[in-house]
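Numbering (the UniProt record's numbering), first residue to last: 1 to 386.
For each residue, glycine too, the CB sits at the ideal point set by N, CA and C.
What follows is a single structure, written as structure tokens, with notes after it.
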Amino acid sequence: MKNWKWTLPVGLLAIVAIALWFEPAFADKLSDAIAKAPVGAEPGQIPADPNAPKGFLGIPGSPVVNPILAFCWAVWVGWIFSTVGAFGGVMAGVGHMSVFGFGNYAGSFKKTAPDLGKIVTDSIKASNQFLVGLSAAISSFNYLKMKRLVLPLAITLGLGSLIGAWLAQELSAGKLDFKSYQGYFGLFVLLLGAWLLYETTPAGQAKKQTAKKAAQAFEAAAKKQAAGESLDAANVGLHITQFTLSTCAFTFYGVPFRFNPLVPFLGGIVISAVAAFLGVGGGFLLVPFLTSVTQLPMYLAAGTSALAVLVSMVTSIITLLSKGTPIEWHFIGLEMLGIAVGSFVGPMTSKYFSDVWLKRLFIVLSAYVGIGYLLAGFFNFKIPGV
Numbered sequence: 001m002k003n004w005k006w007t008l009p010v011g012l013l014a015i016v017a018i019a020l021w022f023e024p025a026f027a028d029k030l031s032d033a034i035a036k037a038p039v040g041a042e043p044g045q046i047p048a049d050p051n052a053p054k055g056f057l058g059i060p061g062s063p064v065v066n067p068i069l070a071f072c073w074a075v076w077v078g079w080i081f082s083t084v085g086a087f088g089g090v091m092a093g094v095g096h097m098s099v100f101g102f103g104n105y106a107g108s109f110k111k112t113a114p115d116l117g118k119i120v121t122d123s124i125k126a127s128n129q130f131l132v133g134l135s136a137a138i139s140s141f142n143y144l145k146m147k148r149l150v151l152p153l154a155i156t157l158g159l160g161s162l163i164g165a166w167l168a169q170e171l172s173a174g175k176l177d178f179k180s181y182q183g184y185f186g187l188f189v190l191l192l193g194a195w196l197l198y199e200t201t202p203a204g205q206a207k208k209q210t211a212k213k214a215a216q217a218f219e220a221a222a223k224k225q226a227a228g229e230s231l232d233a234a235n236v237g238l239h240i241t242q243f244t245l246s247t248c249a250f251t252f253y254g255v256p257f258r259f260n261p262l263v264p265f266l267g268g269i270v271i272s273a274v275a276a277f278l279g280v281g282g283g284f285l286l287v288p289f290l291t292s293v294t295q296l297p298m299y300l301a302a303g304t305s306a307l308a309v310l311v312s313m314v315t316s317i318i319t320l321l322s323k324g325t326p327i328e329w330h331f332i333g334l335e336m337l338g339i340a341v342g343s344f345v346g347p348m349t350s351k352y353f354s355d356v357w358l359k360r361l362f363i364v365l366s367a368y369v370g371i372g373y374l375l376a377g378f379f380n381f382k383i384p385g386v
């Protein structure tokens, strides 16, 4: 546990060192793409005026973001990811694509300068992952201290995530235009919302009695602690009772859980591959996987998915950097400050929200974002807010 305090700074320094190593490749790749873009004042063109404002990635005429808006949105991203263990990457994507206008800008180059559009799209993906990666690191540390992270489960998920994230970025980096990316992004988020909606039905709830008991036990213990009542130490928090290649068993507030580690390992490969392709954390798929397949309550799923997401994000970011994907460092640095604030607040506030309330919030966000991006990406039809 004591060594964990060095994990975040060492990891960040390692990523920065890798980024500096590939910096010449970033500059050359972006400069070449800008040089090939047509010059003019229309969408999909680079301004002829040499004094035109330089925004995202230092490209003349690209969107310029208000720093206060960027910071506040990052706080929201950090809070929602650290609270439910998911949706941070989706919200980061909504911010970068819709709120800040990077999506429309990348999409404008589809016909005029496709290489530049794909570079901006990959940079959006990497920017999402930097935010989620930091939030995942902070959340993992906090949940581990609170004994709300199933470490053996997170490790098996993480090993699978490492393979999936590397494979997805190797196959997709530099090949996806923004409109296709946006459409697939919306499709997966919409399917997620549909699945979560099913889980709130009687049929879905009937399959999750263990998670329900654990959630009720945790909520009851939190109320007793708030009232100053003493609790039996043996039934408080998380206790690992067995961990082998074929079996992992633990208790959470007295409720027993058991699963085969091979299942989350394979799930981690598939989920991480999908998430890396979309440029998000994967928590929006990992949390439903954990709450459905292993029947974890949301209070455990959030922390456990965070560590697996961290592994996936680091792998995906390094792979994108190795492909020459440029990063807007000043912008990302400001957003990461907001992520840090939201990520520290999230775990401390999550106990005040019920398991059902968190899932309903998830469903509403999934439906609106999913439908919006699906229509915009595949049918060029926009709805307000996305």
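> What residue range is occupied by the uninterrupted alpha helix (DSSP H) comprising Q129?
Replying inline: 114-145
>> I'd like the span of the beta strand (DSSP E) that includes I240, first residue to last.
In response: Its beta strand (DSSP E) spans residues 238-243.
>> With distance defined between alpha-carbon atoms, name the residue in W76, D49, L262, K110 nearest to P33.
In response: With the sequence shown as reference, residue 33 is identified as Ala, and Pro is not the correct amino acid for it. Considering only alpha carbons, the answer is K110.
> CB T315 to CB F259, shorter than 8 Å?
Replying inline: Not closer than 8 Å, so no.
> D49: buried (16+ other C-beta within 10 angstroms of its C-beta) or exposed?
Replying inline: Classified as exposed, D49 has fewer than 16 neighbouring CB atoms from the shown chains inside 10 Å of its CB.
> Between the C-alpha atoms of A70 and T241, what's the straight-line distance to the nearest angstrom?
Replying inline: 44 Å
> Do you know whose CA, among A194, K147, K125, lies nearest S172's CA?
Replying inline: K125
> Taking the C-alpha atoms as reference points, what is the distance between G186 and G193?
Replying inline: 11 Å
> When DSSP labels each residue in this structure, what does P261 get in the three-state scheme?
Replying inline: Three-state DSSP puts P261 in coil, outside helix and strand.
> L190 and I46 look like a contact to me (Cβ under 8 Å); what is the Cβ gap, rounded to whole Å?
Replying inline: Taking a contact as a CB-CB distance under 8 Å, the pair L190 and I46 does not count as one, their CB atoms being some 35 Å apart.
> What are the boundary residues of the beta strand (DSSP E) that includes F250?
Replying inline: 248-252
> Nearest CA to the CA of Y352: which residue from T121, T247, K223?
Replying inline: K223
>> My output table needs one value for V39: the three-state DSSP class, helix, strand or coil.
In response: V39 falls in the strand class under three-state DSSP.
> Does DSSP classify I46 as helix, strand or coil?
Replying inline: Note: I46 maps to strand in three-state DSSP.
> How many whole angstroms separate the CB atoms of A52 and P43, which I take to be in contact at a CB cut-off of 8 Å?
Replying inline: Actually they do not touch by this definition, with Cβ atoms about 14 Å apart.
> Which full runs of the alpha helix (DSSP H) of 4+ residues lie inside the segment 176-210, going along the chain?
Replying inline: As far as the segment 176-210 is concerned, its whole alpha helix (DSSP H) runs of at least 4 residues are 178-199, 202-206.
> Roughly how many angstroms lie between the CA atoms of F130 and S246, to the nearest whole one?
Replying inline: 34 Å
> Do three or more CB pairs link the segment 331-342 to the segment 132-147 at distances below 8 Å?
Replying inline: yes
>> Give me, in chain order, the residues of the same chain whose beta-carbon lies closer than 7 Å to that of W6; leave out the 5 immediate sequence neighbours on both sides.
In response: The pLDDT assigned to W6 is 49, lower than 50, so where the model puts this residue is not dependable; a value taken from the coordinates is nonetheless given after this. Apart from sequence neighbours up to five positions away, no residue of its chain approaches W6 with a beta-carbon distance below 7 Å.
>> What does the alpha-carbon distance come out to for the pair K382 and G268?
In response: For K382 and G268, the distance between alpha carbons rounds to 33 Å.
> Under a Cβ-count criterion, where at least 16 other Cβ atoms within 10 Å of its own Cβ denotes burial, should K145 be classed as buried or exposed?
Replying inline: exposed
> Does the beta-carbon of K2 have 16 or more other beta-carbons within 10 angstroms, so that it is buried, or is it exposed?
Replying inline: Residue placement at K2 is poorly supported in this model, since its pLDDT is 46, which falls under 50; the coordinates are not used for a value here.
> Should A113 be labelled buried (16 or more other beta-carbon atoms within 10 Å of its own) or exposed?
Replying inline: buried
>> Taking the straight line between their C-alpha atoms, what separation do you get for G58 and P256?
In response: 54 Å
> What do you reckon, are the CB atoms on G183 and L365 nearer than 8 Å?
Replying inline: no
>> Please identify the residue among K359, L278, V369, V39 whose C-alpha is closest to the C-alpha of G164.
In response: When only C-alpha atoms are compared, the closest one is L278.
> How would you write the range of the alpha helix (DSSP H) that S343 sits in, first residue to last?
Replying inline: 329-349
>> Buried or exposed, going by whether 16 or more other CB atoms sit within 10 Å of the CB of H330?
In response: Looking at its Cβ environment, which holds fewer than 16 other Cβ atoms inside 10 Å, H330 is exposed.
>> In the DSSP assignment, the alpha helix (DSSP H) including F102 goes from what residue to what residue?
In response: 102-107
> So Y299 is in the alpha helix (DSSP H); what residue range does that whole segment cover?
Replying inline: 298-322
> Who does P256 pair with in a DSSP beta bridge?
Replying inline: T251
> How big is the Cα-Cα spacing for P384 and V94?
Replying inline: 12 Å
>> With a threshold of 7 Å on Cβ separation, who are the neighbours of V309 within its own chain once the five nearest residues in sequence on each side are excluded?
In response: V132, A136, G281, G282, G283, L286
> Quick one: what does DSSP say P53 is sitting in, helix, strand or coil?
Replying inline: coil
>> For L8, which residues in the same chain have their Cβ closer than 6 Å to its Cβ, ignoring the five residues on either side in sequence?
In response: The predicted model places L8 with a pLDDT of 49, which falls under 50 and marks its position as unreliable; any figure quoted below should be read in that light. If you ignore the 5 residues before and after L8, its C-beta comes within less than 6 Å of the C-beta of A137, all in its own chain and listed in chain order.
> Apart from the five residues on each side of it in sequence, which residues of its chain come closer than 7 Å, Cβ to Cβ, to T349?
Replying inline: T83
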